[in-house]
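Report on the following structure.
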Amino acid sequence: MKGGRLRIINQGRYPEEEVRALVGFGLDRIDLKGEGLLVIVKDTRRMRRRTPTYSGQAWSGRYNMPDGLKKLTTRREHFLVVVRIGPPEVFPIKPYTRNGILHDYRTWQEALVGITAHEGMHVQHGYDFAYERKSGYRRPATFEFDGKRVPFRQGGRVRVGNERIEPKCEAFERGMLERFRKVSNTMCATLSVCGTDQQEVVNAEVPMRLLRAQAQG
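For the sequence shown, my numbering begins at 101 and goes up steadily by one.
This is the structure:
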């Protein structure tokens with residue numbers, strides 16, 4: 101993550117080093133200019149027919165965070181992201197389109213990169229537009245709606261002014277996923293692996309190399 105302080109807590113089933121590398125990749129183009137961001141990675145709460153295989157949620161401003169999660173943050177962490185990922189056997193997911201963006205995660209690694217990027221862009225919008233700094237605290241921005249000043253969260257849809265940002269977050273999510281797949285394809289050519297286990301080999305190797313590259317950079 102550019103220009104900010106990132107801290108990651110892994111409370112899920114997946115390996116620590118791999119999770120840290122994938123989260124870092126998903127947030128690579130997020131710039132909070134020195135602000136703190138905490139990312140918590142968890143397992144999905146329950147596996148039922150209607151339970152999503154993954155989910156994410158972002159909070160901008162400590163006053164917005166649930167008390168149970170707020171206590172995990174430091175005073176300098178004004179932003180929080182929680183990502184939940186299901187077990188490996190629920191992937192690949194059945195492809196679907198929302199807001200004109202295709203969602204087709206093939207592995208849990210792709211889901212973690214994409215959902216982290218999506219929620220990271222919500223945080224980026226929260227930093228850039230939806231919150232203003234005043235007396236050391238962050239206060240929710242408001243906009244004009246039916247002649248009244250209302251918070252930027254209206255009807256469960258995150259807005260900047262009168263503009264919905266969910267489609268932009270989904271487009272950013274897709275872009276980071278395609279970037280991750282491009283790196284994976286490069287790894288395929290480098291490793292010269294083939295067969296049904298090809299994607300598993302690549303997804304195991306890519307995060308480790310990304311983490312080493314970040315450490316060297």
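Note that the Cβ used here is the ideal one computed from N, Cα and C, for glycine as well.
Excluding the five sequence neighbours on either side, which residues of its own chain have a C-beta within less than 6 Å of the C-beta of residue i, listed in chain order?
{"i": "Glu135", "result": "Gly104 and His178"}
{"i": "Trp208", "result": "Ile185, Pro188 and Phe191"}
{"i": "His203", "result": "Tyr196"}
{"i": "Met165", "result": "Trp159 and Leu180"}
{"i": "Lys102", "result": "Asp131"}
{"i": "Gly112", "result": "Val141, Lys142 and Asp143"}
Given a cut-off of 8 Å, decide if residue j and residue i are closer than it, judged by their beta-carbon atoms.
{"i": "Val123", "j": "Leu212", "result": "yes"}
{"i": "Val223", "j": "Ala121", "result": "no"}
{"i": "Val183", "j": "Glu210", "result": "no"}
Check the C-beta distance from residue i over to residue j and give it rounded, since I have them as a contact under 8 Å.
{"i": "Leu132", "j": "Gly214", "result": "Not confirmed; about 20 Å, so no contact."}
{"i": "Leu127", "j": "Thr216", "result": "6 Å"}
{"i": "Asp270", "j": "Asn199", "result": "Note on residue identity: the sequence assigns Glu, not Asp, to residue 270. About 5 Å separates the two Cβ atoms, so the contact holds."}
{"i": "Leu172", "j": "Ile108", "result": "Going by Cβ atoms, the distance from Leu172 to Ile108 rounds to 11 Å, so no, they are not a contact pair."}
Any heavy atom of the ligand MN closer than 7 Å to the Cβ of residue i?
{"i": "Val223", "result": "The model depicted lacks the ligand MN and carries no ligand whatsoever."}
Since residue i is in the alpha helix (DSSP H), which residue starts that stretch and which ends it?
{"i": "Leu137", "result": "Per DSSP, Leu137 belongs to no alpha helix (DSSP H); it is in the beta strand (DSSP E), Gly136 to Asp143."}
So for residue i, helix, strand or coil by DSSP?
{"i": "Arg113", "result": "coil"}
{"i": "Phe191", "result": "coil"}
{"i": "Leu127", "result": "coil"}
{"i": "Arg257", "result": "Summary for Arg257: the model assigns pLDDT 41, below 50, so the residue's position carries little reliability, and this model does not support an answer."}
{"i": "Arg279", "result": "helix"}
{"i": "Thr286", "result": "helix"}
{"i": "Lys133", "result": "coil"}
{"i": "Thr207", "result": "coil"}
{"i": "Arg120", "result": "helix"}
{"i": "Ile265", "result": "coil"}
{"i": "Glu232", "result": "Reliability of the predicted coordinates at Glu232 is poor, the pLDDT of 44 falling under 50, and no value is obtained from them."}
{"i": "Val250", "result": "No answer about Val250 holds up, because its pLDDT of 47 lies below 50 and its placement is not dependable."}
Mind checking which residues open and close the beta strand (DSSP E) that includes residue i?
{"i": "Leu169", "result": "Looking at the DSSP string, Leu169 is not in any beta strand (DSSP E); the run it does join, the alpha helix (DSSP H), is Asp167 to Lys170."}
{"i": "Gly156", "result": "Tyr154 to Ser160"}
{"i": "Thr173", "result": "First-last for Thr173: undefined, no H or E at that position."}
{"i": "Ile185", "result": "Glu177 to Ile185"}
{"i": "Tyr196", "result": "Tyr196 to Arg198"}
Who are the near neighbours of residue i in its chain, counting only those whose CB is closer than 8 Å to its CB and skipping five residues on each side?
{"i": "Leu169", "result": "Ile140, Trp159, Leu180 and Val182"}
{"i": "Gly256", "result": "The predicted position of Gly256 is uncertain, since its pLDDT is 37 and thus under 50; a value taken from the coordinates is nonetheless stated next. Excluding sequence neighbours, Gly256 sits near nothing in its chain."}
{"i": "Ile201", "result": "Pro267, Glu270, Ala271, Glu273 and Arg274"}
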